[in-house]
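Take a look at the structure set out below.
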Amino acid sequence: MVSLRWWGVQARRHAPSDRCAERVERALEDLRRRGRVTLRHRLRQVQANLIVAVQAGAAGALAWVVAHEGLGNDRPVFAPVAAVGTIVSSVGQRLRRTVELIVGVAVGIGIGDLLIAVAGTGPWQVGVVVAVAVTLAIALSGQGALVAQAASTAVLIATLSPTVQDLEVPRVIDALVGGLTGLLVVILLLPLNPLRTVRRAAAPPLETLSTQLATTATALRSRQTAPAWQAQHDLQSIATDLGHLDEALSGAREVVNLSPVRRSRRHAILLYEHGIEQMTRATHSSRDLIRRAITTINDNEPIPAALPAAIDTLAAAVRHLRDEFGFLRPPDDTRRTALRAVALSTEAVDAGIGFSGTIIVGEIRSITTYILRATGLRLTEANHLIRRLGTDQHGILPPAE
């Protein structure tokens, strides 16, 4: 006869553990969080590119009017297509894309007419025309806009020339009208506000960096690795935001260089470029800091209160930078808060830290260097301030870059 005790042991043996349940909950929460992050990214993208949609609509309508009313084209299909393609193809490189568009049309027309005159029309002739046009376009430039226009124009010439007369000249004129209309819209009629565009694009990565530094400080304070692992994971998403920021900078640079309306903003955009380069470096150092924070907890190293406080203060400095940098205010709060993080890291060194803790302090000072340089200080000035607050005898100094 089987005892009740045996049944109890078997029940406990086969019952799901609390740890498994927690892992399942964490996985589900991570899935929900990913969904929220994705939706947030999509909304940010829509907001950031709303002006591009308005520009594309205006350029398409204006190109149609110019081609139809001004040039007497009864079917001005290609002019609006070229105008919209100029605007949405590559923000920040529209002038080059317009030239590529026109050259691509010329290549497609030339190859199409030549081969049709030699070989006639038919399905295999269409294939040969497209293949030769694409090959020549790749040999000339290799850029997507030129290749796409050469291929599409070659198809039109090969398929429509037998039934539609005099297609070549209107196609070239439409390409010129559309491309120039697109440039007119983005440079003179509806130029984007370069500072607002860059400010909106810079806010998400700076917010993410600040949040994950604060989360890492919480992990050290509670000696729990889970928040630090989550911070490390979330910081990986910053690469997408930095990519969007790079696109915004490219578009802003194009506007201030070409648009007389926005040319006065050129110096401000140069400041943004320098600052964003420094904060990209700060992001790389933050990844190293988080990894060392996890090691510090796992190795049971001493964690004086000043160490997580320094990282928290660093997170606050990034928030100040986001606000002051975005609205071109004097960066006094950013500098003051960043230097306080260095002072707190020095207190942590004096209180006693382990090997990984020492590396964390070094990363704090590196990140502070990048923040100070983002505010406009030279490297020598930033290093001088940090050395005054640091302890050189510990050998923990900011990078001399």
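Position 323 of the sequence shown, counting from 1, maps to 323 under full-length UniProt numbering, and the rest follow consecutively. Even for Gly, the Cβ is constructed at its ideal location relative to N, Cα and C.
### Query
Taking Cβ positions, are Ala374 and Gln278 nearer each other than 7 Å?
Walking along the sequence shown from the start, residue 374 turns up at place 374. Walking along the sequence shown from the start, residue 278 turns up at place 278. Yes, Cβ-Cβ distance for Ala374 and Gln278 is below 7 Å.
### Query
Does the Cβ-Cβ distance between Ile109 and Pro194 come in under 7 Å?
Here the question's residue 109 lines up with position 109 in the sequence shown. Here the question's residue 194 lines up with position 194 in the sequence shown. Taking 7 Å as the Cβ cut-off, Ile109 and Pro194 do not qualify as a contacting pair.
### Message
Taking its Cβ as the centre, do 16 or more other Cβ atoms sit within 10 Å of Gly127, making it buried, or is it exposed?
### Response
Indexing the sequence shown from 1 puts residue 127 at position 127. Exposed, since its Cβ has fewer than 16 Cβ neighbours within 10 Å.
### Query
Are the beta-carbon atoms of Ala83 and Ala59 separated by less than 7 Å?
For the purposes of this step, residue 83 is identified with residue 83 of the sequence shown, where counting begins at 1. For the purposes of this step, residue 59 is identified with residue 59 of the sequence shown, where counting begins at 1. Yes. Within cutoff.
### Task
Could you check what DSSP says for Phe327 in three-state terms: helix, strand or coil?
Your numbering for residue 327 matches position 327 in the sequence shown. Phe327: coil per DSSP, three-state reduction.
### Message
Short of 7 Å in beta carbon distance, which residues of its chain neighbour residue 402, apart from the five on each side in sequence? Order them along the chain.
### Response
The chain is shown only over 1 to 401; residue 402 falls outside these bounds and no answer can be derived.
### Message
Once DSSP output is grouped into helix, strand and coil, what is the label at Gln236?
### Response
Counting from 1 along the sequence shown, the entry for residue 236 is found at position 236. If DSSP states are grouped into helix, strand and coil, Gln236 belongs with coil.
### Task
Put Val261 into one of helix, strand or coil per three-state DSSP.
Locating residue 261 in the sequence shown gives position 261, counting from the first residue. For Val261, the secondary structure class from DSSP, reduced to helix, strand or coil, is coil.
#### Entry: For Gly352 and Thr346, the rounded distance between their alpha carbons
Within the sequence shown, numbered from 1, the residue matching residue 346 stands at position 346. Within the sequence shown, numbered from 1, the residue matching residue 352 stands at position 352. In a straight line, the C-alpha of Thr346 is about 10 Å away from that of Gly352.
### Query
Is the number of C-beta pairs between the stretch 127-139 and the stretch 111-119 that are closer than 8 Å three or more?
Touching, yes, given that three or more Cβ pairs across the two stretches are closer than 8 Å.
### Query
In angstroms, rounded to a whole number, what distance separates the CA positions of Arg96 and Gly179?
In the sequence shown, the residue the question calls residue 96 occupies position 96. In the sequence shown, the residue the question calls residue 179 occupies position 179. Distance between the alpha carbons of Arg96 and Gly179: 10 Å.
### Residue environment, Asn383, which counts as buried when at least 16 other CB atoms sit within 10 Å
By 1-based counting over the sequence shown, the position of residue 383 is 383. Buried: at least 16 other Cβ atoms inside 10 Å.
### Query
Can you tell which of Asp299, His244, Arg171, His267 has the C-alpha that lies nearest to the C-alpha of Val103?
Taking the sequence shown and counting its residues from 1, the one referred to as residue 103 is at position 103. The shortest C-alpha separation from Val103 is found at Arg171.
### Message
Less than 8 Å between C-beta atoms, sequence neighbours within five positions excluded: which residues of the same chain meet that for Thr153?
### Response
To locate residue 153, count along the sequence shown from 1; it is residue 153. Excluding residues within five positions, the ones whose Cβ falls inside 8 Å are Gly104, Val105, Val107, Gly108, Ile109, Gly112, Ala133, Arg171.
### Task
Answer with buried or exposed for Gly243, where buried requires no fewer than 16 other C-beta atoms within 10 angstroms of its C-beta.
Numbered from 1 along the sequence shown, position 243 holds the residue referred to as residue 243. Gly243 is exposed by the Cβ-count criterion.
### At least 3 beta-carbon pairs within less than 8 Å: the stretch 182-194 vs the stretch 255-262
Contact between the stretch 182-194 and the stretch 255-262 is present, because at least three Cβ pairs lie under 8 Å.
### Message
In the DSSP assignment, the alpha helix (DSSP H) including Leu271 goes from what residue to what residue?
### Response
What you label residue 271 is simply residue 271 of the sequence shown in a count that begins at 1. Taken as a continuous stretch (DSSP letters only), the alpha helix (DSSP H) holding Leu271 covers 266-298.
#### Entry: DSSP three-state assignment for Arg75, whether helix, strand or coil
What you label residue 75 is simply residue 75 of the sequence shown in a count that begins at 1. Arg75 falls in the coil class under three-state DSSP.
### Query
Using the rule of at least 16 other Cβ atoms within 10 Å of the residue's Cβ for burial, across every protein chain shown, is Asp241 buried or exposed?
For this step, residue 241 is matched to residue 241 along the sequence shown. Burial call: buried.
### Task
Pull up the distance between the alpha-carbon of Ala79 and that of Leu50, whole angstroms please.
For the purposes of this step, residue 79 is taken as the residue at position 79 of the sequence shown. For the purposes of this step, residue 50 is taken as the residue at position 50 of the sequence shown. The alpha-carbon atoms of Ala79 and Leu50 are separated by roughly 22 Å.
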